[in-house]
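J.: Residue numbers (our numbering): 23 to 554.
1) Kindly give me the distance between the Cβ atoms of residue 141 and residue 293, rounded to whole angstroms, as I take these residues to be in contact under 8 Å.
2) Does the separation of the CB atoms of residue 102 and residue 165 fall below 9 Å?
3) Indicate the three-state DSSP secondary structure (helix, strand or coil) for residue 412 in the structure shown.
4) Might you give, ordered along the chain, the residues of its own chain that have their beta carbon closer than 7 Å to the beta carbon of residue 177, omitting 5 neighbours on each side?
5) Would DSSP call residue 391 helix, strand or coil?
6) On the three-state DSSP scale, how would you describe residue 25?
7) Roughly how far, in whole angstroms, is the beta-carbon of residue 311 from the beta-carbon of residue 168, given that I think they are within contact range, below 8 Å?
8) Counting Cβ pairs, one atom from each stretch, are 3 or more of them under 8 Å apart for the region 23 to 40 and the region 76 to 96?
9) Taking the DSSP output, what are the residues bridged to residue 193?
10) Who are the near neighbours of residue 510 in its chain, counting only those whose CB is closer than 6 Å to its CB and skipping five residues on each side?
11) Run through the region 434 to 513 for me and flag every whole beta strand (DSSP E) of 3 or more residues, listed as ranges in chain order.
12) Check residue 541 in the structure and name its three-state DSSP category.
13) Looking at residue 352 and residue 437, is the spacing between their C-beta atoms short of 9 Å?
14) With three or more C-beta pairs closer than 8 Å as the rule, is the region 498 to 510 touching the region 329 to 340?
15) Whether or not the region 456 to 475 and the region 406 to 424 are in contact is what I'm after, with contact meaning three or more pairs of Cβ atoms, one per stretch, closer than 8 Å; do they touch?
16) Reducing DSSP to helix, strand and coil, say where residue 330 ends up.
17) Using 9 Å as the threshold, is the C-beta distance between residue 469 and residue 72 below it?
18) Contact check, residue 112 vs residue 74 under 8 Å by CB: the rounded distance?
19) Can you give me the start and stop residues for the beta strand (DSSP E) that residue 298 sits inside?
20) Could you tell me the alpha carbon to alpha carbon distance between residue 248 and residue 271, rounded to whole angstroms?
21) Assuming residue 390 and residue 364 form a contact by the criterion Cβ under 8 Å, report the distance between their Cβ atoms to the nearest whole angstrom.
22) In terms of DSSP beta bridges, what is residue 348 paired with?
23) Residue 128: buried (16+ other C-beta within 10 angstroms of its C-beta) or exposed?
24) Taking contact to mean at least 3 C-beta pairs separated by less than 8 Å, is the region 226 to 243 in contact with the region 255 to 273?
25) How many angstroms separate the CA atom of residue 149 from the CA atom of residue 105?
26) Is DSSP giving residue 245 helix, strand or coil here?
27) Apart from the five residues on each side of it in sequence, which residues of its chain come closer than 6 Å, Cβ to Cβ, to residue 96?
28) Could you tell me which residues DSSP pairs with residue 221 in its beta bridges?
29) Where do the ends of the beta strand (DSSP E) carrying residue 60 lie?
30) Give a yes or no on whether the C-beta atoms belonging to residue 220 and residue 277 are separated by under 9 Å.
31) Would you mind stating whether residue 429 and residue 388 have Cβ atoms separated by less than 9 Å?
32) Determine, using beta-carbon pairs with one atom in the region 273 to 288 and one in the region 440 to 459, whether at least three such pairs fall under 8 Å.
33) Is it true that the CB of residue 373 sits closer than 9 Å to the CB of residue 505?
34) Residue 394 and residue 441: beta carbons closer than 9 Å?
35) I need the straight-line Cα distance from residue 423 to residue 349, nearest angstrom please.
36) Should residue 187 and residue 347 be called a contact, given that it needs their Cβ atoms to be closer than 9 Å?
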C-alpha cells in the first residue's frame with residue numbers, strides 16, 4: 023500500500039510542481055492559521071511549505087501505510103527495533119514519568135532512577151564545594167572527555183543554558199584526538215582542583231581513551247595515584263575497564279546498550295549539565311522532553327508536531343528534490359544545535375539498506391547543516407536565496423530574551439521573520455527598480471520552503487521539548503524509508519583501517535590493506551615528520 027501512496031504523491035507533485043506559495047496564500051488568507059501546531063510554549067508554523075490540503079492528506083496516508091503507529095508503539099514498549107544490533111531504543115525511558123513506564127520496563131526504569139540519584143548527589147557535592155581534590159581544595163574545573171553524542175549533546179545543552187548557570191565550576195569539553203585541544207585546555211588548569219569525566223559506553227573508543235590516558239598522566243604529574251579517585255569519574259557500560267583504568271566503583275555511572283550515543287544526553291552523560299545548571303534544571307530538561315514524547319505518542323495526524331516535520335521533510339527531500347536541509351536558530355545560545363542535529367539526523371538516517379538488508383529504493387537522509395542567525399545571513403544565506411539548489415530551512419526563534427537589550431532582540435526577531443518571508447515571496451524583476459543590466463542579478467526566485475519554530479522562552483524545559491522533537495522527526499522519517507536509525511555501522515571500517523595505519527606508523531607493522539594512494543601519503547608523512 024505504501025508504494026501506491028508513494029506513486030500518488032509523485033503524481034500529485036507533477037500536477038503541482040509549478041504552484042507558487044504566494045498564490046496559495048492569496049487563495050487562502052487564513053492559511054497560516056490552519057497550517058500550524060501549538061504545543062504549550064512551542065509553535066510550529068509550516069504554512070511556508072509547497073503543500074496544500076491534498077498534499078497533507080497524501081502524506082498522512084503514507085505515514086499510515088508505512089505502519090508508523092505500530093513502529094512508534096514498539097519503540098516506547100521496548101521492542102528490539104534496533105534489529106541489526108538486537109537492541110531496543112529506550113532513550114524515551116530516560117525521561118519518562120512514573121505514569122508512563124511500561125510494566126515490562128520496570129527494572130530498566132529503576133536503574134534509570136538510581137542513576138538520576140547519582141547525578142544529583144555528585145552535582146550537589148561539587149556545587150556545595152564538598153567534593154575535595156587531593157590537595158584538600160574544592161574542584162574548580164571539570165574536563166569532560168567524550169566524542170560524538172557523548173560530547174555534542176551535553177555541550178550543546180550546557181552552552182544553551184549558560185545564561186542560567188549557577189555552578190562555580192568551569193566545564194571544559196574535549197573530544198578531538200588532536201592533541202592541540204587537550205593541550206590548550208589542560209595548560210590553563212590545576213590538576214589538584216580538576217575533575218576528569220570520561221564518557222565512553224565501551225571504554226575503548228580510540229579518541230576518548232587516548233584523551234583520558236593523557237589527562238590521567240597530566241593528573242599524576244601533580245597528585246599521587248592513590249588520590250586519583252578524587253579526580254576521575256567514568257560514565258560507561260564497561261565497569262571492569264573503568265576500574266582497570268583506576269576509577270573507583272562509586273565514581274562509575276551507568277550507560278546502557280539500549281541508549282545510542284546521539285540519544286544519551288538524557289542519561290548520566292548529562293552529568294555536566296546537572297553540575298553547571300543544577301540538578302533541578304536537568305530534571306526540567308527531562309520533563310520537557312517527556313512532554314514532547316507524550317505528544318508524539320498520542321497526537322493524531324495532522325496535529326502531531328514531530329510527525330508533521332518528518333513528513334514535510336520527506337516531501338521536500340523525496341519529491342521536491344532537496345538534498346540538504348538547514349537549521350537556523352536565531353539565538354546565540356543555540357549556536358551548537360545544528361551540529362548536534364547534524365549527528366542525530368545524518369548518523370541515524372544516512373543509510374542505504376533497509377532494515378531487512380536490501381538496498382533502499384528511495385533517497386534517504388538529507389545533509390543537515392546550519393548556523394546561528396543573524397551571522398548566517400552574511401555568510402551562506404546568499405546560496406539559500408539565489409542558488410540553484412532547493413534548501414528547506416527550519417527557523418528557530420525564542421520570543422523572549424534573557425538580556426536587557428530589547429532593541430537587539432527586536433532586530434533579531436525582525437531578521438528571522440524577514441528571512442522566511444523573503445524565501446517564500448522572493449522578488450520578481452517587475453518589482454526591482456535598478457539599472458537594466460543589474461536587474462537579473464537582483465531577482466529573488468522565492469517559493470523556497472521553510473518552517474518556523476517559535477518558543478515562548480528558552481528554558482531547560484523548552485530546550486528538552488525542542489531536542490526531543492527532532493529525535494522523533496528523525497525516527498519517523500526512518501520508518502518511512504524502512505531503515506534502522508539506531509545503528510551506525512558506517513563508522514566502523516575507517517576505524518579499523520585507522521588502527522592498522524597507526525600500528526604501522528608507531529610499531530612498524532606491515533600494511534596489508536592500504537591502497538597505493540594511501541601508501542604514498544603515509545610515506546610522505548614519514549618523510550616530513552621524520553618517522554621511520
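C-beta: ideal position from N, C-alpha, C; glycine also.
Owing to the predicted nature of the structure, the values given are computational and were not obtained by experimental measurement.
T.: According to the structure data:
1) Between residue 141 and residue 293 the beta-carbon gap is near 5 Å, inside 8 Å, which marks them as a contact.
2) Contact flag unset, no.
3) Annotated three-state conformation of residue 412 is coil, per DSSP.
4) By the criterion of a C-beta distance shorter than 7 Å, residue 177 is surrounded in its chain by 195 and 358, once the five residues flanking it on both sides are discounted.
5) Correct three-state label for residue 391: strand.
6) Taken through DSSP and simplified to helix, strand or coil, residue 25 comes out as helix.
7) Contact between residue 311 and residue 168 fails: their C-beta atoms lie close to 20 Å from each other, not under 8 Å.
8) Inter-segment contact for the region 23 to 40 and the region 76 to 96 is present: three or more beta-carbon pairs are separated by less than 8 Å.
9) By DSSP's assignment, residue 193 forms a beta bridge with 164.
10) Excluding sequence positions up to five before and after residue 510, its CB lies within less than 6 Å of the CB of 369, all in the same chain and listed in chain order.
11) Listed in chain order, they are 472 to 479.
12) Reduced to three states, the DSSP call for residue 541 is helix.
13) It is a contact, given that the beta carbons lie within the stated cut-off.
14) With a cut-off of 8 Å, the region 498 to 510 and the region 329 to 340 count as touching, because enough Cβ pairs lie within range.
15) Contact holds: three or more Cβ-Cβ distances are below 8 Å.
16) In the structure shown, residue 330 sits in a helix (DSSP, three-state: H, G or I).
17) A contact, by the Cβ cut-off of 9 Å.
18) Between residue 74 and residue 112 the Cβ distance is about 38 Å, and since that is not below 8 Å, they are no contact.
19) In the DSSP assignment, residue 298 falls outside any beta strand (DSSP E) and within the unbroken alpha helix (DSSP H) covering 293 to 299.
20) Their backbone Cα atoms lie some 14 Å apart in a straight line.
21) Right, their Cβ atoms sit about 5 Å apart.
22) In DSSP, residue 348 forms a bridge with 391 and 415.
23) So residue 128 ends up on the exposed side.
24) They touch, by the three-pair rule.
25) Roughly 42 Å separates the two Cα atoms.
26) Of the three classes helix, strand and coil, the one that applies to residue 245 here is coil, per DSSP.
27) So the qualifying residues of the chain are 103.
28) Looking at the DSSP assignment, residue 221 forms a beta bridge with 257.
29) First-last of the beta strand (DSSP E) with residue 60: 58 to 61.
30) Their beta carbons are not under 9 Å apart, which means residue 220 does not touch residue 277 by this criterion.
31) It is not a contact, given that the beta carbons lie outside the stated cut-off.
32) Contact between the region 273 to 288 and the region 440 to 459 is absent: fewer than three C-beta pairs spanning the two stretches fall below 8 Å.
33) Yes; because the gap between Cβ atoms is below 9 Å, this pair is in contact.
34) Not in contact: residue 394 and residue 441 (Cβ atoms no closer than 9 Å).
35) Residue 423 and residue 349 have their alpha carbons spaced roughly 20 Å apart.
36) No.
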